[in-house]
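In what follows, a single structure is set out as structure tokens and then discussed.
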Ligand SMILES: [Zn+2]
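Numbering (the numbering used here), first residue to last: 49 to 176.
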């Protein structure tokens, strides 16, 4: 088979990320941790109120990259960046990047200019 093909339109979920906690599922689940040497569970809302790290977009941490270094892409300090797991591995998130949840639940960041050129608002997918 050969010829010309066009991608079928797919509906994805996306959220623009600017700072820790911006992703709608960052505090969607309970967290276990120690308080006064005792294991307890915090709700997502408690974790958010305590300013904990988001679950989908975590803090950017790299021992070899100083937090006050300017990002080569967005010029913001690295300290203000996030980090998310994609099918290809961990990926940095610049403030303003869109976080896309793909059809199989996979997460990947997308630069705002690419996002605007590629996506437009849609109705929720019928089979979602
Ligand atoms: Zn950046």
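C-beta: ideal position from N, C-alpha, C; glycine also.
| Item | Value |
| --- | --- |
| Among 95, 126, 134, 79, nearest to residue 89 - alpha-carbon criterion | 79 |
| Proximity below 7 Å, CB of residue 149 to CB of residue 83 | no |
| Cβ neighbours of residue 119 in the same chain (closer than 7 Å, five flanking residues each side left out) | 126, 129, 142 |
| Residue range of the beta strand (DSSP E) that includes residue 91 | Premise fails: residue 91 is in no beta strand (DSSP E) and is neither H nor E. |
| Residue 158: CB within 6 Å of a non-hydrogen atom of ligand 1 | no |
| heavy atom of ligand 1 below 6 Å from residue 127 C-beta | no |
| Pairwise C-alpha distance: residue 57 and residue 131 | 28 Å |
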